[in-house]
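One structure is given below, encoded as C-alpha cells.
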Amino acid sequence: MVTHARIPFSDLVFLDDNPRTRTPEGLRRMAEDIQADPTFFDNRPVLVNLAAGRYQVYAGDLRAHAAHDVLGWPDIPCNVEPDVPDATMRRRAIQDNTHREG
C-alpha cells in the first residue's frame, strides 16, 4: 500500500547509484520548476521505499534536493511504499529520469 506523506529531508536516504547526475544548474532549474508550480510536486512526489525502518529515495532525488537545498523546504512530498523490490525500484528510477539531464 502506498502512503502519501511529507517526510523530513533529514530522514531520507539517497541511493549512491542514482541514474541522474545532480548538477548545480540542474538543481537551479528544478527549483525554478517547483517554484513555478509547487503543487505539481505534490502530484508527482518523490518515490520512497520503506525498508528496515529507512526511507530510501529511489526516484525524485533531484526534486528532493532542489526543494530542500535550494528552496529550503524541511519536508518533502513522498509516496512511501514498503519493501519495494530492487528490480522495481531500478525500473521506476530509470523511467522517472528519461526526460531530464544525464
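Residue numbers (this note's numbering): 22 to 123. Yeah, the Cβ is synthetic: ideal placement off N, Cα and C, and Gly gets one too.
- Three or more pairs of CB atoms, one per stretch, sit closer than 8 Å, so the region 89-105 contacts the region 54-74.
- By alpha-carbon distance to Ala73, the top candidate from Thr44, Ala85, Asp96, Val34 is Val34.
- Rounded to the nearest whole angstrom, the C-alpha separation of Asp54 and Leu36 is 23 Å.
- In the three-state reduction of the DSSP assignment, Thr44 falls in the coil class.
- Our two residues, Ala85 and Asp32, have alpha carbons roughly 12 Å apart in a direct line.
- Short of 6 Å from the beta carbon of Val23, and not among the five residues preceding or following it, lie these beta carbons of its own chain, in chain order: Asn100, Glu102.
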